[in-house]
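Colleague:
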Amino acid sequence: DMGVQANIADRIGIMYAGKIIEEARTEVIFEEPLHPYTKYLINSLPKFGDKATLESAPGAPPSLVDLPSGCAFHPRCSFAMEICRQEVPEFQGVGDRHRVACWLMQKGKKNEQDS
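Under the working numbering, residues 88 to 202 are what the sequence shown spells out, in order.
(1) Return helix, strand or coil for E110, following the three-state DSSP convention.
(2) Quick one: what's got a C-beta closer than 7 Å to S143's C-beta in the same chain, skipping five residues either side?
(3) At the level of alpha carbons, what is the spacing between R186 and M102?
(4) Rounded to whole angstroms, how far is the Cβ of P123 from the Cβ of F166, which I believe are closer than 8 Å?
(5) Which residues does DSSP pair with Y103 in a beta bridge?
(6) Taking the C-alpha atoms as reference points, what is the distance between P148 and F160?
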């Protein structure tokens, strides 16, 4: 329960298909989520007094015995690139003790290093 975690944990790890895909201080996860799945999770939480329809990730989670190639979230991700379908992204630091496994973030870091 993300609401409970927000009140008791200093850091949160977000899991998808049995792997941690994002990890950071609790306030960073809630205020600046980086992985598309984490963003869906945060947007799916009800907000006090808000009667709007909650957003959730499209599709269904994969079977853990038959994971898709590449990033396990790519079939549900509206930002998926070809590399997402082919290779599993590394779990890398992207800021002050903030780590994420997403090609979107790694592509940005690679472009910065190439400049």
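Glycine residues also receive a C-beta, built at the ideal position from the N, C-alpha and C atoms.
Modeller: Answer, in terms of the structure:
(1) DSSP places E110 in strand when its eight states are reduced to three.
(2) By the criterion of a C-beta distance shorter than 7 Å, S143 is surrounded in its chain by Y127, S131, once the five residues flanking it on both sides are discounted.
(3) Between R186 and M102, the C-alpha separation is close to 12 Å.
(4) That belief holds up - the Cβ atoms of P123 and F166 are roughly 6 Å apart, short of 8 Å.
(5) As a beta-bridge residue in DSSP terms, Y103 pairs with K106.
(6) Using only the alpha carbons, I get a separation of about 8 Å.
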